[in-house]
Amino acid sequence: MGWTDERVELLKKLWMEGLSASQIAGELGEGVTRNAVIGKVHRLKLSARAKPANTTPRARPAPRQAPRRPAGPGTVSASSSMGGMASAAKPRPTMPRPQVMGATALAITPEFETSPYVAPATQELFIPEDKRLSLLQLNEHTCKWPIGDPLSKDFYFCGQHSLETGPYCEFHSRRAYHQLDKKKR
DNA sequence: CCCTGATTCGC
DNA sequence: GCGAATCAGG
């Protein structure tokens, strides 16, 4: 599907309204990725949006040249049934986007006041004794999150099934990565 | 990890 | 012109 006038128009509108590229992509249709949106935005020279001051100093050489695009996923021959109807009725596809994006803000904060007990602030995973692993019992698929004092006899590893993306299980992976990486050393 | 926009370059 | 892959940053 190409960029028809109305699609471009909608793109401009949404972009100016401050929607993110992925949100716009979702709004435009299934076959549109956020990359497509961003690419078009740039071609239209629509950058800068509602930004009075250039907060983002465009100073990135980007010397990429080595990686070549391996291969295309084949032509997504989306033979859309566009039987000459350029202006189809599009009231609003009921944006199926429950995910909060953009500011990563937690707009919905469930109430917790019904809890009679104060949840333990330092909540940890309880690992049953028979699930606990010693150093020598670790392998590629066990969570390597250490628990306890390494010098103590009680020291053990989480041992849950670890993610493919890291050395920890889901619980500890989040704990390890959430917002604290990419720090200079 | 999630996400954002920016850039390059084969198509 | 298009957009996937990639980069850089939060």
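Using UniProt numbering, the first residue of the first sequence is number 1, and each one after it goes up by one.
Quick reminder that beta carbons are idealized off the backbone N, C-alpha and C, glycines included.
All of these numbers come straight from a predicted model, not from anything done at the bench.
Neighbourhood of Glu30 by C-beta distance below 7 Å, restricted to the same chain and skipping five residues each side: Along the first sequence, one-based indexing puts residue 30 at 30. No residues qualify anywhere along the chain.
Determine the direct distance from the alpha carbon of Gln160 to that of Cys169, and round the result to whole angstroms. The residue labelled residue 169 in the question sits at position 169 within the first sequence. The residue labelled residue 160 in the question sits at position 160 within the first sequence. Distance between the alpha carbons of Cys169 and Gln160: 6 Å.
Inset, instruction - Report the option in Phe171, Lys12, Pro167 whose CA atom is closest to the CA atom of Thr142. - result: Counted from its first residue, the first sequence places residue 142 at position 142. When each option's Cα is compared against that of Thr142, the closest is Pro167.
Just how far apart, CA to CA, sit Asn35 and Val8? For the purposes of this step, residue 35 is taken as residue 35 along the first sequence, with counting starting at 1. For the purposes of this step, residue 8 is taken as residue 8 along the first sequence, with counting starting at 1. About 15 Å.
Legend entry - Cβ-based burial, Glu129 [other Cβ within 10 Å; buried from 16]: Numbered from its first residue, the first sequence carries residue 129 at position 129. Exposed, by the Cβ-count rule.
| task | Apply the 10 Å Cβ neighbour rule to Lys13 and answer buried if 16 or more other Cβ atoms are within range, or exposed otherwise. | result | For the purposes of this step, residue 13 is taken as residue 13 along the first sequence, with counting starting at 1. It counts as exposed.
**OP:** Rounded to whole angstroms, what's the CA-CA distance from Leu46 to Trp15? Just pull it up for me.
**Re:** Along the first sequence, one-based indexing puts residue 46 at 46. Along the first sequence, one-based indexing puts residue 15 at 15. Approximately 8 Å between the Cα atoms of the pair.
Handout entry: Own chain, CB closer than 6 Å to Trp145, minus 5 neighbours either side, in chain order
Key = The sequence position of residue 145 within the first sequence is 145, counting from 1. Around Trp145: Cys158, Tyr168, His172.
* Going along the chain, which residues of its own chain have a beta-carbon closer than 7 Å to the beta-carbon of Leu136, five neighbours each way excluded? -> Here residue 136 refers to the residue found at position 136 of the first sequence. Excluding residues within five positions, none has a Cβ falling inside 7 Å.
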